[in-house]
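**Q**
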Amino acid sequence: MSDIDSLKQRVIDAVDARRDDLVRIADTIHAHPEVAFQEHESAALLSGMLEENGFAVERQVAGLETSFVATMSDHRDSPRIAFLAEYDALPGLGHACGHNLIATMALGAGLAVKSVLPDLGGTIQVIGTPAEEGGCGKGLMVRAGVFDGLDAAMMIHPSWRNMTRRRSLTSFKVEVEYFGKPAHAGAGPDKGINALDAMVAMFSAVGLLRQQLRDDARVHGIITHGGDAPNIIPEYTSARLGVRAEDTAYATEVLEKVRACAQAGALATGARLEFKVADVFYESILPNPVLADLVDANMAVLGIEVRLPEPKERMGSTDMGNVSQVVPALHPYIDISPDGVGHTVEFTVASRSPAGHEAMIVAAKVLAMTAVDLMAVPDNVTRVHEAFEKQKAEQSETS
Ligand SMILES: [Zn+2]
Ligand SMILES: [Zn+2]
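Each step along the sequence shown adds one to the number in the numbering used here, with nothing skipped, and position 140 is 1593.
1. Could you check if Glu1586 belongs to the surroundings of ligand 2, using beta carbon to heavy atom distance under 8 Å?
2. Can you determine whether any heavy atom of ligand 2 sits closer than 8 Å to the C-beta of Cys1589, and answer yes or no?
3. For Ala1731, does the three-state DSSP call read helix, strand or coil?
4. How about the segment 1646 to 1653 and the segment 1686 to 1706: do they share at least three Cβ pairs that are nearer than 8 Å?
5. Kindly give me the distance between the Cβ atoms of Leu1564 and Ala1467, rounded to whole angstroms, as I take these residues to be in contact under 8 Å.
6. Taking the alpha carbon of Ala1559 as the reference point, which residue from Arg1471, Ala1515 and Gly1695 has its own alpha carbon closest?
7. Please indicate yes or no: does the CB of Gly1769 lie closer than 8 Å to some heavy atom of ligand 1?
8. Please list, in chain order, all residues of the same chain as Ala1731 whose beta carbon is under 6 Å from its beta carbon, the five residues on each side excluded.
9. Looking only at its own chain, which residues have a Cβ that is under 6 Å from the Cβ of Ile1757, when we skip the five neighbours before and after it?
10. Just the C-alpha distance for Met1607 and Gly1679, rounded to the nearest angstrom, thanks.
11. Suppose you measure from the CA of Arg1725 to the CA of Ala1638; what does that come to, to the nearest Å?
12. Judging by CA-CA distance, which residue of Ala1753, Tyr1631 and Leu1783 is the nearest neighbour of Gln1744?
13. Does the beta carbon of Asp1668 sit closer than 9 Å to a beta carbon anywhere in chain B?
14. For Glu1505, which residues of its own chain have a beta-carbon under 6 Å away from its beta-carbon, when the five flanking residues on both sides are left out?
15. Considering only their Cβ atoms, is the gap separating Ser1806 from Gly1695 smaller than 9 Å?
16. Terminal residues of the continuous alpha helix (DSSP H) containing Ile1457?
17. Looking at Gly1795 and ligand 1, is the gap between the Cβ and the nearest heavy atom below 8 Å?
18. Quick check on this structure: which residue in Gly1574, Ile1676, Ala1597 and Ala1821 has the alpha carbon closest to the alpha carbon of Asp1530?
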């Protein structure tokens, strides 16, 4: 067995030795689901466990109460490798995206790499990243510089298939409000300005716009306030929309077209428009190909077969995209359930099933093995950075 293979065997054994603990922690987080920015118990459990095991823990980084950075260094500062822990749940559905498993695999991988760190030298971090669902927590942490200087940031997301190179969509969140004038709907409708008509006109215009959009674009939304009573001409309406596309340049173009649709509603009715775009947005992911090759090879060692994305792969958005725009990153998927991409009751069940537990253990091993590849072979780190620079250059050429 080569040196690197024996180091990998040691991290595999270290994960196996903690298997029962990791499953228990995954199930504890699952049993106490906490939504975006409210993940107090989950963050305390994970960061406490890392602290007990000798990691230096900084809490509430980037001004987020439920974030943390746990660090362990030996001999040298670099390479600096981070495993990212997500732990937010979905309102009403609990852990329907399997973030309890993501949290626990990051913990398991961090503790496993700790066991070989004296032989390798370098820095390992487990970074607790709140509010993936809707809050773009990692975007806020990127802005605060939390990931600066990393040689690799990695996590693995539960899914219905094993895939390393799937991309993700840029996603803007928009709030639309119309301010009209109330009036008696029977006796004096001509005295009113109908804020609901403005909203309906906007949704109709967006519906027509879709025909002119590229296949990867998505515009979707809900009306959050439609009026107060049917016999009053609505004075105020509001909606929330998502605008997405494969790259930020095109998503921005679509966003401006949607803004024009909203302005059309105001113009047609006389209602006043407020169109607010959330200032952090989900950026599209750049899956680092060198990290992907290393992960694929480690998956294969553990008997996991990895698929390539379909030519017309359908995608969601993740705030891991924001991280991948500033440091080399990878966000593979691991199979826990045949039930699609999550956000369902069935996926909540899968996130604490034997298959979910097994995938979490395998993922912890793969993350730790990949860190060994980077810490033991300096050339891998160089190639990771070269690939990152190339992707960034290609991206700016096409935008
Ligand atoms: Zn999700
Ligand atoms: Zn998720």
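Glycine included, each C-beta is placed from N, C-alpha and C at the ideal position.
This structure is a prediction, so every number in the text was calculated from the model and none was measured.
**A** Once the coordinates are examined:
1. Yes.
2. No, since every heavy atom of ligand 2 falls outside the 8 Å radius drawn around the Cβ of Cys1589.
3. DSSP, read as helix, strand or coil, puts Ala1731 in coil.
4. Counting Cβ pairs under 8 Å, three or more are found: they touch.
5. About 7 Å separates the beta carbons of Leu1564 and Ala1467, which is inside the 8 Å limit, making them a contact pair.
6. Checked all of Arg1471, Ala1515 and Gly1695; the closest Cα to Ala1559 is Arg1471.
7. At least one heavy atom of ligand 1 sits closer than 8 Å to the Cβ of Gly1769.
8. A distance below 6 Å between beta-carbons, with the five flanking residues on each side excluded, links Ala1731 to the following residues of its chain, in chain order: Lys1626.
9. Asn1615, listed in sequence order.
10. Rounded to the nearest angstrom, the two C-alpha atoms are 42 Å apart.
11. Distance between the alpha carbons of Arg1725 and Ala1638: 20 Å.
12. The residue asked about is misnamed: residue 1744 is Leu in this sequence, not Gln. Out of Ala1753, Tyr1631 and Leu1783, Leu1783 has the C-alpha closest to the C-alpha of Leu1744.
13. The structure shown contains no chain B, having only a single protein chain.
14. Hits under 6 Å: none found.
15. With respect to Ser1806, Gly1695 sits apart: the two C-beta atoms are not nearer than 9 Å.
16. Counting along the chain, the alpha helix (DSSP H) containing Ile1457 begins and ends at Asp1456 to Ala1470.
17. Yes; taking the cut-off as 8 Å, the Cβ of Gly1795 has a heavy atom of ligand 1 nearer than that.
18. Distance check between Asp1530 and each of Gly1574, Ile1676, Ala1597 and Ala1821 places Gly1574 closest, using alpha-carbon atoms only.
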